[in-house]
Amino acid sequence: MTRRNRLAGVRFRAEIPQELDPGVLYVSMEHSTAIHSCMCGCGHEVVTPLGPGSWRLCYDGETITLTPSIGNGALPCRSHYIIRESQIIWQRGNPDPNSQLIIEERHGA
Ligand SMILES: [Zn+2]
41 MTRRNRLAGV RFRAEIPQEL DPGVLYVSME HSTAIHSCMC GCGHEVVTPL GPGSWRLCYD
101 GETITLTPSI GNGALPCRSH YIIRESQIIW QRGNPDPNSQ LIIEERHGA
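Per my numbering, the sequence shown runs over residues 41 to 149.
And the structure:
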């Protein structure tokens, strides 16, 4: 598995697609949610709801910043990273318990 150091891109979509391109952050304003395939390359879907008390998305027209950090403590890979200006900044240690994710398992298409 290859860790990414940068987003491959950002796509704004009304509906979240079934197939996620690796490294791409998908943003649905309609659902106030961002979703991406785990940046470690394990292929798990990472869902980050947007809103007060959850994640905050900043788009400057070119790059994306998502705060707080993304801690995939519920995934086998236990990835922990920050997306800042579309750079993936890998964190050491355990994910922040305040940034636990809702992991959606999708079965079939
Ligand atoms: Zn992972």
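Glycine residues also receive a C-beta, built at the ideal position from the N, C-alpha and C atoms.
Computed from a prediction, not measured in an experiment: that's the story for all the values here.
query                                                                                                                                                : result
Spell out the partners DSSP gives E59 in its beta bridges.                                                                                           : E59 is not bridged to any residue.
So T105 packs on E125, CB below 8 Å; how close in whole Å?                                                                                           : 6 Å
Taking its Cβ as the centre, do 16 or more other Cβ atoms sit within 10 Å of S72, making it buried, or is it exposed?                                : exposed
What do you reckon, are the CB atoms on M69 and I110 nearer than 9 Å?                                                                                : no
Can you give me the Cβ contacts of P153 inside the same chain, cut-off strictly under 6 Å, excluding the 5 residues immediately before and after it? : A question about residue 153 goes unanswered here, because the residues of the chain that appear run from 41 up to 149.
What residues in its chain sit with their C-beta under 6 Å from that of I122, if we drop five residues either side in the sequence?                  : S109, I129
From this set, L115, D100, H76, which residue's C-alpha is nearest A48's C-alpha?                                                                    : H76
Can you tell me whether DSSP reads G81 as helix, strand or coil?                                                                                     : coil
For the putative contact between R43 and G91, defined by C-beta atoms under 8 Å, what is the C-beta separation to the nearest angstrom?              : Their Cβ separation, rounded to whole angstroms, is 28 Å, which puts R43 and G91 out of contact at 8 Å.
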